[in-house]
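With the UniProt record's numbering, letter number 43 in the sequence shown gets 43, and the count goes up by one each step, no holes.
Note that CB positions come from ideal geometry on N, CA and C, so glycine has one too.
The model shown is predicted, which means the values in this text are computed figures rather than measured ones.
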Amino acid sequence: MAITRISCKDNIGSDDFRQRENDKTSRNYDNMQTVVRRLKLHPQKAKPCATRTLHQSIFVLLILTSFISILDICHGFVLDGSKNSFAQFRKWYTGLNGSLELEFKTEQPNGLVLYTDDGGTYDFFELKLVEGALRLRYNLGGGAQIITVGRDLHDGHWHKVQVSVKNT
Numbered sequence: 001m002a003i004t005r006i007s008c009k010d011n012i013g014s015d016d017f018r019q020r021e022n023d024k025t026s027r028n029y030d031n032m033q034t035v036v037r038r039l040k041l042h043p044q045k046a047k048p049c050a051t052r053t054l055h056q057s058i059f060v061l062l063i064l065t066s067f068i069s070i071l072d073i074c075h076g077f078v079l080d081g082s083k084n085s086f087a088q089f090r091k092w093y094t095g096l097n098g099s100l101e102l103e104f105k106t107e108q109p110n111g112l113v114l115y116t117d118d119g120g121t122y123d124f125f126e127l128k129l130v131e132g133a134l135r136l137r138y139n140l141g142g143g144a145q146i147i148t149v150g151r152d153l154h155d156g157h158w159h160k161v162q163v164s165v166k167n168t
């Protein structure tokens, strides 16, 4: 198994739902001002209609069910700024081919972005900003490896990170 790709690129204003650069939701996380994108969905109220039929009601119910399913898939968070704040997700199984993708912005040059492990046995991923560069330190059973990409990533702009794993 090997890391086949780690990339970090600017990703400013590419989607309508993204927070703008002047977003006031940034928080301080352990001396690292980090914002993770949050998807805001605002359903519109339906106008009353005297001629609504059973078929129209079923159609609306199907659309709402689909909307709720999308909410399950598209989520995000903003760290609250306390030293103990964190977000926890299901384990990323690195034994399978796959990728992990996230976006961040910060003005602090150092801080932990992501950490995951297999319960303390061997495998782990640690993604940090070190002096403004993104550093991935990982072990997939063959000893710890380090990959560093980018520079000056603490510029207050959004950056997209993708880590891809290929089981060889």
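Rounded to whole angstroms, the Cβ separation of L153 and L134 is 6 angstroms, and the two are in contact under 8 angstroms.
Nearest to E107 by alpha-carbon distance, out of Q162, V130, F125, G141, is V130.
When beta bridges are read from the DSSP output, E103 appears opposite K160. The alpha-carbon separation between P109 and N167 amounts to approximately 32 angstroms.
No Cβ-Cβ contact shorter than 8 angstroms links V163 with L140. The alpha-carbon separation between E126 and Q145 amounts to approximately 10 angstroms. Rounded to whole angstroms, the gap between the alpha carbons of T121 and G142 is 12 angstroms. The alpha helix (DSSP H) runs lying completely inside the region 120-149 and spanning 4 residues or more number zero. Y138 is classed as buried because its beta carbon has at least 16 other beta carbons within 10 Å across all chains shown. Non-local C-beta neighbours of L114 in its own chain, meaning closer than 6 angstroms and more than five positions away in sequence, comprise L127, ordered along the chain.
With a cutoff of 8 angstroms on beta-carbon distance, G150 and K105 are scored as not near each other. Just measuring C-alpha positions, the residue of G98, N97, E103 sitting nearest W158 is E103.
In the three-state reduction of the DSSP assignment, L153 falls in the coil class, being assigned neither a helical nor a strand state.
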